[in-house]
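Line by line, the protein sequences give chains S, H, E and G. By the count of my numbering, the first sequence reaches residue 440 at its end, each step adding exactly one. By the count of my numbering, the second sequence reaches residue 308 at its end, each step adding exactly one. By the count of my numbering, the third sequence reaches residue 252 at its end, each step adding exactly one. By the count of my numbering, the fourth sequence reaches residue 866 at its end, each step adding exactly one. Encoded as structure tokens, the structure appears first; notes follow it.
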Amino acid sequence: MTAVVATNETILVVGGGISGMTAALEAAETGKRVVLVEKRPYLGGRVTQLYKYFPKLCFPTCGLEINQRRAKMNPNLTILTLAEVTGLTGSEGDYTATVKLSPRYVNERCTACGDCGTAVEAEFDDDYNYGLGKRKGAYLPYRMAHPARYVLDPAIIGTPDADKAKAACKYDAIDLEMREETVEFRCGAVIWATGWKPYDAAKIQPYGYDRIANVITSVEFERLADPNGPTGGKLVRPSDGREAKKVAFIQCAGSRDRNHLLHCSRICCMASLKQATYVADAFADDAEINIYYIDLRAIDRFEDFYNKVRANQNIKFIKSKPASIVADKDGNPIVHGVDTEGYNRFAEPHDLVVLAIGMEPAVDKDAFPVSIVINREGFIEASPENGGVFAAGCASDALDVNRSAQHATGAALRAIQVVNRVARAEV
Amino acid sequence: MAKRQYSFYPGCSSQKGASSSNYLISVQTMCEELEVQLNEIPDWNCCAASIGYAGGGELPRLTLSARNLALSEQHNPGQDVVATCAACWLSTREAQERLHEDQSLLAEANTALAEAGLKLTKEMPIKHMAEVLIEDIGYAELGAKVKRPLAGIKIAGYVGCQTNRPFGIAGESFENPKYLDQLVETLGGDSIPDYEKKVQCCGGALAFSEPEKSQEMVKGIIEAAYDHGADLIVTPCPVCQMNVEVYQDQINQTYGTQFKMPVVYYSTLMAVAYGRSAKDAALNGQVIPAKKLEAIAGK
Amino acid sequence: MGDLNTAMIEKYRNRFLKEVEANVEEGEWVKMCMQCGVCSGSCPLGKFWEHPPQEIFMMIRAGKRDEVLSSESVWMCTSCYNCIVRCPRELPITHIMHGLAHYAKRLGLVPKNQPTAKFAQMFWDNLMVKGRVNELKLGLNLYFMNGIGDGVKVALKNQKIGLGMLKSKRMNPLEAVGGHAVKDLKGFHAVLKKAQELEDKRLADHGA
Amino acid sequence: MAVEKKLAGYLCTGCGIGERLDTSQLVNIATREGKFPSVKQHAMLCSPEGVKLIQDDIDAGEATHLMIAGCSRRSKVEAFSFRNVAISRANLREGVIWARPDTPENTETTQEMADDYIRMACAEVKFMTVPTPSGEQELNKNILVVGGGVTGMTAALETAAAGYPVHLVCDEDVLGGVWKDLYKRVPFRAAASDVPNGRDVDLPGPEDPGIADMIERVLANERITVHLNAKLSKTSGAPGRFSADIDRSSGPTVTENFGAIVQASDFKPYDANRLPEFGYGKTPDVLTNFELERLAKAANGGPLKRPSDGKVVESVAFIQCAGQRSDKEGHLPYCSGFCCTESIKQAMYFREQNPDCDTTILFDDLRTPGAAGEDFYRCGQQAMVTFTKGQASAVVQNGKGLKVQFKDLILNEDTEMDCDLVVLATGQVPNNGPDPYAQLAVDEAESEEEKEAARQKLAVAPPSILNLDYRQGTDLPQLKHGFLDSHFICFPYETRRTGIYAAGPVRRPMDMKQAMEDAVGAAMKAIQAAESAAQGAAVHPRVGDLSYPSFRKEGCTQCKRCTVECPFGAINEDEQRYPVFNESRCRRCGTCMGACPVRVISFENYSIDSVNQQIKAVDIPDEFSEKPRILCLACENDAYPALDMAAQAGIETTPFVRVVPVRCLGSVSLSWITDSLNSGYDGIVLMGCRRDEDYQCHFVRGSAIAAERLSKVGDTLTQLNLEPERVVVHEVAITDLARAPRLLNEMAEMIGKIGMSPFKF
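Next comes the structure, spelled out in structure tokens:
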């Protein structure tokens, strides 16, 4: 049975992505007790699924290595994975949180040696790779996963595979008796950092994501580009594995659209600029990249990166929200639309179309545990009415990684203000 | 099973001797089989379709539909309004929405209606016959009635525009509606789910004023059907049926094609599949005969 | 109605957007366009347009009054509704186009021999007579809308079609005399007359 | 603390180590060669039983210096972090058995690898001592906030709210700063959840800027001391013991001590006089967005009048990106980020008080990101603000009014528009002091020309804001376009002056809302820095590290390399030019250690010796053995993890390499290179982080400095008659799973070609 030691001077952080991790670490490194609750079996959230960051084109795992080292070494920090907050009661300075812990079927004794993974046979769509690849029924979510412990897919429990896994483990780390459990603990302040999810591309009917194999989303493209991804970093198209040299990026796919998400997701312009460099780097002068946009939002210092990308002759910018995509007989997606600058119609065939998919907040606005100010788009607005609950990162707005970390650092202080008040009151 | 009753708005083109009179005949046959009772709105008038806009301003156009709705309210109280013509359905439904969205418009329309002692108060569901079939009746029941499956007939489901946008059939997408294909399968025929022209515009009323432009688009619609090996095209819309069927000779002249693609209404398919005669299915209403259907109907 | 045109020019000076806002059906939506161009790309007749919808909307903002109102483009709409369902700002583009066309016609700015303008007018006049469309007369008028000579050519060209329709009993020669009509024709006309009065009044209020 | 060293070895035989390696031989090596009295084996050392085994020895006083052989130092950190003992870890799992194929012909070389890692770990730990805080600091909770604008006031209020006293230094006679003239502000929020997604009604519009209220709250807060008309004339010390002289026009200079500092000096409006093409300065009817704000505030909801003749404005044009997003001389290359929403707001001022006023915004890309941003765009459209994608080329007088010439990019035509007023959406220029390295460039310049050029640069530099009494200049180093760090995506508040954090538009252009949010984060970091300093613990990236550099004074030649090369300007010089380390300014990267030519600088647990002994411990087979030895010095943040994960992925590495993790390539002492070459190593591979302008080095300059130093190592080699290619430096990223091992394998191949080193004994 998991026990969580916590008081009303403890800070609860909900969500272990870059925002939650940052908030939790900043608070813990200021000497506060922090409980970090993460739904996935590992920390890092969506940044672990990114190949590079814009505008530096550096690697998320680089900062993640540091953050994970900070997490491993900090005694003030308790991490609960496969955990979800199901209830929150009380008020600022005195909350009680209820957390549901799903079984991992692997305990702390796991050395990540990998024997169980070799032993089991069943394979499943790899959600870490957005289903672009397969993983075993006993798996390490990805190579740098922290905690560095394997996970058993609930689907193999009760099957021979589960017993194979158990038999393969020399360290008695596999516990098939694990059951879902619920823990309750106190906390003084809550940082809500549940992040975002990609908008359901199938809903954008004119672009045929559900009909055309070679129309994919930006998050999927990120996995394709990653050398540790399902294609070993090869930019190939799903339909026939052919190299995708001529690629279209369609901006505002689901964003700035009353039929979908009203808000601007902010990151998509920069993400497409970044992903354009993947194609340009992979195919040099054979690369042909078209970026279809309404407004190119390379805000503030990002302008430098925009200029750098624009300097590449093989990357073209077309001011247009394409009308539709149809596939030709060879499965090449043809993008139809009008270049609004001077009115030129086009019907442009590509090897691959990447939808710069919008950011949907993961905040459950209909079932939020306490009363809180949530805007029409489902983001949490900063407000005194929120008591001791503070949003961090993409729970508050569509933010890039840098702004998320920035916002989360602030959220940590807001939480610390609360628990410090509690502490002062008690001395 | 109780009869379903609807307040029926047939529209000008389905009248006796009009361009889609065959549509009405096959619909009536279909409804007999499905035990659907259509109560025609007495003394209904034209809806001005989507081409009345030059002559008719906003209010006069809306008032046309307002009159029909007022008559329906008066004579067929409590009944959903159903139309078989896409344009009729769309104008009527849009008119109702606009009038109830803008109360000043509704007031003015009623002032006008008062001249004939009519008044519009209620908002009623306004349905296309396809909605009645798919939402109210459902594929299961539609399939149960099949006596002569349309076996071996390959049919391109051409949905067109106005039955599909902006309202469409519940749960269907604007870009790739599947209900005609499902209906074809339900009737035992072979559908063409990836028929890429299923929602391509045929030119609508511009078939008359801009024939060249319209026929260029119609050519694409028929070509794609042939490419998929279709025996015939099925459609839920009189304008589509007319535009795609009757100009094929001219298209052949212009483009040197040899089109002879029958274009039928879903109701014709159903009448045949339900075992009714060629006459009841209004197959004699085809400008380009649907031989394969005649064969089945002839059995 | 030329005088109405001058009245409007007087009233709105170069503020064409405002004029559209006040006088064109659904015109108040024009300002919400963000120039993404999805409508222009979605229009089936797009390639025939001199100015696609999104460009028309920009021209309205730019005060290009004559170019817009006397443009063939506003008569190119087939009412396919592609633009409406795809517009990220949910502008009722089809209706705005119809509205602009209607407004142009009221101001007498329709280009000469604009076929759709003519046909659309005919259609309306036709249905106004008996409350229901008389397809035969409509067809004949259509053939002869550009004068006898033209009309004969068109008629001959369409002869086969006519025959086909005749054979399939989808065209009725007798429609030439009488034809379908609403029974309460008097009431129908009264209603529409009233509606037209109210419509005119509304426009006059703006125009004054 | 001079406790007797108790060496204790622990060998884990789990994860295949037992199967793949001759563990008894490993134990023998540790005991015989390593002189470890005991080496305990355990089948699963990281298990609670294994950990207890070790803890019991520690508790029994049997173990002060631990050699733990098993998995990588990156694995099972939680299990093996024992307090108050020195620990070295021999990486036998990732470093040896996972990196080598399990085939008979490889058994011997694999075993030799493991043997050496045991030798190295034994040697290393002997030269480590347990770090303890210097006791230099005590907790000083005072926080200094520089800048009386919205950013500074927010930082002050948020810091105070956490219970920490604040001194707020404002160089003006009133608080409020550059935004105090705001008439209204862009709404902070998006539409409320109950607003229907209908015809864009009820969208948040311009709202009260709330600055007056903020000023009141600052002045009323008993934890905040406000210094108006004040400047910092001298700032010295370090986190936990900063001392600042605050010059006040009223009264004498006060000196206060602080735990940490927040610089929130905001921005200066761009000087529109550089935009003659837009008629600025020629007519009062061309204003900047900042000037319009004052006009609106004065009008206070009444009609906005044309400055030239007081005519009520009936048409106004906004020119976006005025003097921005442009590479023209004197223009700002960046986008200031706030001007789009600002112009929408200002256009709405005109619409609100005069519905007939034509308001046109000429933009290229309309940048209104997020939920609130896009709502506000639609709000402006709903108010009938006209948005025209166009490029303005000129503004000219036209009778009493103005004419804007522009290219309409949608209608693709050159055109013009008449209007009463033109507003130039000008940008933000960060209000920072001089770049310290501009100043340093003068001192360090080698040639006269260089010196002169550097002087020129310095001459135009702005006055100092912090007046730091630092060896490396008076202010925070700048990143680009005059903005401050951070350059790190994941760590936005990193600055290169420990304990001094930048907030708001000094970091990047931003609007008021972002500046306020940024201030909260900076306050958080400042509080954290003060608390860490009190513990004597390092801050990011070596959080909690208690070690700090010290030096043997008698050996020091006062060469200043350490004080010059420290990436964080942590080291000052005393009057005799000896280094003063200011350890709470130190980030523990060891660049000073690497810089020192006489090897007198060291950390308790990381020193010239602790590495040198590892290098020496390795067994060097003779020339004819065909078993070369390659030393790899790998950055512990990126290269070392990359090698670990490569092994995890089953990628093979040459058995001839011996990897030593280093804190940063900057800490690499050339002596390690020469010593290892002299002791017979055949090749040396150094792996550090990316070092160009998009550097990835977590110590900013460490990797670059190392590369500089090593560029000269070629000469050393030629002196020794060795081929220069025996020593190579690579930039290695943490994702280089395939590449990192390849680089080592290539070195092995190369040695195969050029032959073994002649320096073997």
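From the three backbone atoms N, C-alpha and C, an ideal C-beta is built for every residue, glycine too. All figures in this text were calculated on a predicted structure; none of them were measured in a lab.
I need the DSSP call for TYR204 (chain H), collapsed to helix, strand or coil. Counting from one through the second sequence, the residue named residue 204 (chain H) turns up at place 195. Correct three-state label for TYR204 (chain H): coil.
Quiz item: Taking all protein chains shown into account, do 16 or more other C-beta atoms lie within 10 angstroms of the C-beta of ILE859 (chain G), making it buried, or fewer, making it exposed?
Solution: Position 754 of the fourth sequence holds residue 859 (chain G). Per the 10 Å Cβ criterion, exposed.
- Which of helix, strand or coil DSSP assigns to ILE104 (chain E): Residue 104 (chain E) sits at position 60 when you count from the first residue of the third sequence. Helix, per DSSP.
Checklist entry - Along chain H, in chain order, which residues have C-beta atoms closer than 7 Å to that of VAL339 (chain S)? => result Position 326 of the first sequence, counting from 1, holds the residue named residue 339 (chain S). Correct list: GLU205.
Item to complete: Take every Cβ of the region 279-292 of chain S, pair it with every Cβ of the region 252-263 of chain S, and state whether three or more of those distances are shorter than 8 Å.
Response: Counting Cβ pairs under 8 Å, three or more are found: they touch.
query: Using a Cβ-Cβ distance under 9 Å, would GLN326 (chain S) count as near chain H?
result: Within the first sequence, numbered from 1, the residue matching residue 326 (chain S) stands at position 313. Not closer than 9 Å to any Cβ of chain H, the Cβ of GLN326 (chain S) fails to qualify, so no.
For TYR439 (chain G), return the contacting residues in chain S, with the cut-off set at a CB-CB distance below 9 Å.
-> For this step, residue 439 (chain G) is matched to residue 334 along the fourth sequence. The answer, in chain order, is ASP313, ARG314, PHE315, GLU316 and ASP317.
CA-to-CA distance, ARG162 (chain S) to ILE169 (chain S), given in whole angstroms: In the first sequence, the residue the question calls residue 169 (chain S) occupies position 156. In the first sequence, the residue the question calls residue 162 (chain S) occupies position 149. If you take the alpha carbons of ILE169 (chain S) and ARG162 (chain S), they lie about 17 Å apart.
Report the residue from E:ILE128, E:ILE104, E:ASN178 and E:PRO159 whose alpha carbon sits nearest the alpha carbon of LEU144 (chain E).
The residue labelled residue 144 (chain E) in the question sits at position 100 within the third sequence. Ranking E:ILE128, E:ILE104, E:ASN178 and E:PRO159 by Cα distance to LEU144 (chain E) puts E:ILE104 first.
Review point. CB-CB under 8 Å to ALA95 (chain H), same chain, minus the five flanking residues each way: which ones, in chain order?
Key: Numbered from its first residue, the second sequence carries residue 95 (chain H) at position 86. Result list for ALA95 (chain H): HIS137, GLY169, CYS170, GLN171, THR172, PRO245, CYS246, PRO247, VAL248 and CYS249, in chain order.
Same chain, Cβ closer than 6 Å to GLY127 (chain S), neighbours up to 5 away in sequence not counted
For the purposes of this step, residue 127 (chain S) is identified with residue 114 of the first sequence, where counting begins at 1. Within the same chain, no residue comes within 6 Å of GLY127 (chain S) by CB-CB distance, once the 5 residues on both sides are set aside.
Q. Residues in the region 210-233 of chain S with C-beta within 7 Å of chain E's C-beta atoms, listed in sequence order?
A. Listed in sequence order: PRO219.
- request: Kindly indicate which three-state DSSP category HIS137 (chain H) falls into: helix, strand or coil?
  value: Here residue 137 (chain H) corresponds to residue number 128 of the second sequence, with the count starting at 1. Looking at HIS137 (chain H) - three-state DSSP - the assignment turns out to be strand.
Task: Nearest neighbour of TYR55 (chain S), chosen from S:ALA84, S:ARG46, S:PHE67 and S:CYS71 [CA to CA] - done: In the first sequence, residue 55 (chain S) corresponds to position 42, counting from 1. Of S:ALA84, S:ARG46, S:PHE67 and S:CYS71, the residue nearest in Cα terms is S:ALA84.
### Message
At 3 residues or longer, what runs of the beta strand (DSSP E) sit wholly inside the region 21-97 of chain H?
### Response
The region 21-97 of chain H contains these whole beta strand (DSSP E) runs: 45-49 and 90-92.
- Task: Could you name each continuous alpha helix (DSSP H) segment of 4 residues or more that falls completely within the region 770-840 of chain G, going from the start of the chain to the end?
- Result: Runs found: 775-783, 807-815 and 818-824.
**OP:** Within 10 angstroms of the Cβ of ILE192 (chain E), are there 16 or more other Cβ atoms? Answer buried if so, exposed if not.
**Re:** In the third sequence, residue 192 (chain E) corresponds to position 148, counting from 1. Under a 10 Å Cβ-count criterion, ILE192 (chain E) is classified as exposed, with fewer than 16 other Cβ atoms of the shown protein chains found around its own Cβ.
Bridge partners of HIS272 (chain G), per DSSP? Within the fourth sequence, the letter at position 167 stands for residue 272 (chain G). DSSP, once it has assigned bridges, lists G:LEU249 and G:THR330 as partnering HIS272 (chain G).
Cutoff 6 Å; reference VAL699 (chain G); Cβ partners in own chain excluding five residues on either side
Here the question's residue 699 (chain G) lines up with position 594 in the fourth sequence. Correcting the residue identity first, residue 699 (chain G) is Gly in this sequence and not Val. The answer, listed in chain order, is GLY771, SER772, VAL773 and SER774.
With contact counted as at least three CB pairs below 8 Å, one residue from each stretch, are the region 363-380 of chain G and the region 602-616 of chain G in contact? The region 363-380 of chain G vs the region 602-616 of chain G: in contact.
Taking only runs of the alpha helix (DSSP H) that begin and end inside the region 365-446 of chain G, which ones reach a length of at least 4 residues, in chain order? Listed in chain order, they are 394-404.
Can you name the residues of chain S whose CB is closer than 9 Å to the CB of GLU69 (chain E)? Residue numbering aside, residue 69 (chain E) sits at position 25 when the third sequence is read from its first letter. Result: empty, since nearest Cβ-Cβ is about 20 Å, beyond 9 Å.
*asked:* Quick check on VAL129 (chain E) - is its C-beta less than 9 Å from some C-beta in chain S?
replied: On the third sequence, position 85 is the one that residue 129 (chain E) refers to. Output row for VAL129 (chain E): interface = yes.
Same chain, Cβ closer than 6 Å to LEU815 (chain G), neighbours up to 5 away in sequence not counted: Within the fourth sequence, residue 815 (chain G) is the residue found at index 710, counting from 1. Only VAL834 meet the Cβ criterion.
What residues from chain H crowd round TRP73 (chain E), counting only those whose CB sits closer than 8 Å? Translated into the one-based positions of the third sequence, residue 73 (chain E) becomes position 29. What TRP73 (chain E) touches in chain H: nothing, since even the nearest Cβ is about 13 Å away.
- Do three or more CB pairs link the region 409-417 of chain S to the region 240-251 of chain S at distances below 8 Å? Touching, no.
Beta-carbon separation (whole angstroms), GLY342 (chain G) vs GLY364 (chain G), contact threshold 8 Å: Here residue 342 (chain G) refers to the residue found at position 237 when the fourth sequence is read from its first residue. Here residue 364 (chain G) refers to the residue found at position 259 when the fourth sequence is read from its first residue. Rounded, the Cβ-Cβ distance is 10 Å, inconsistent with contact.
(request) Quick one: give me the first and last residue of the alpha helix (DSSP H) that VAL846 (chain G) is part of. (result) For the purposes of this step, residue 846 (chain G) is taken as residue 741 along the fourth sequence, with counting starting at 1. Residue identity check: residue 846 (chain G) is Pro in the sequence provided, not Val. It spans 844-859 - the alpha helix (DSSP H) in which PRO846 (chain G) sits, taken as one unbroken run.
Next on the checklist: Strictly below 8 Å CB to CB, what residues from chain S border ASP799 (chain G)?
Outcome noted: Residue numbering aside, residue 799 (chain G) sits at position 694 when the fourth sequence is read from its first letter. Scanning chain S for C-beta atoms nearer than 8 Å to the C-beta of ASP799 (chain G) yields LYS69, LEU70 and CYS71, reported in chain order.
Q | Closer than 9 Å at the beta carbon, the chain E residues around GLN486 (chain G) | A | Position 381 of the fourth sequence, counting from 1, holds the residue named residue 486 (chain G). In chain order: LYS75, MET76, CYS77, MET78 and ARG133.
*Length of the line joining the Cα atoms of GLN544 (chain G) and GLU551 (chain G)*: The count along the fourth sequence starts at 1 and reaches residue 544 (chain G) at position 439. The count along the fourth sequence starts at 1 and reaches residue 551 (chain G) at position 446. Going from the Cα of GLN544 (chain G) to the Cα of GLU551 (chain G) covers about 14 Å.
Review point. Using the C-alpha atoms, what's the distance from ASN272 (chain S) back to ALA252 (chain E)?
Key: Counting from 1 along the third sequence, the entry for residue 252 (chain E) is found at position 208. Counting from 1 along the first sequence, the entry for residue 272 (chain S) is found at position 259. At ALA252 (chain E) the pLDDT is 45, less than 50, meaning the model places this residue with poor confidence; the figure from the coordinates comes in the next sentence. ALA252 (chain E) and ASN272 (chain S): Cα-Cα distance of roughly 39 Å.
Open item on the list: For VAL196 (chain E) and TYR187 (chain E), I'd like the C-alpha separation in whole angstroms.
Closed with: What you label residue 196 (chain E) is simply residue 152 of the third sequence in a count that begins at 1. What you label residue 187 (chain E) is simply residue 143 of the third sequence in a count that begins at 1. One C-alpha to the other measures close to 7 Å.
Name the chain E residues whose beta carbon is nearer than 8 Å to that of THR491 (chain G)? Here the question's residue 491 (chain G) lines up with position 386 in the fourth sequence. Those within 8 Å of THR491 (chain G) in chain E are LEU61, LYS75 and ARG105.
**Prompt:** Quick one, which of H:GLU150, H:SER81 and H:ARG70 has its alpha-carbon nearest LYS146 (chain E)'s?
**Reply:** Here residue 146 (chain E) corresponds to residue number 102 of the third sequence, with the count starting at 1. The sequence shown places His at residue 146 (chain E), not Lys. For HIS146 (chain E), the nearest C-alpha among the options comes from H:ARG70.
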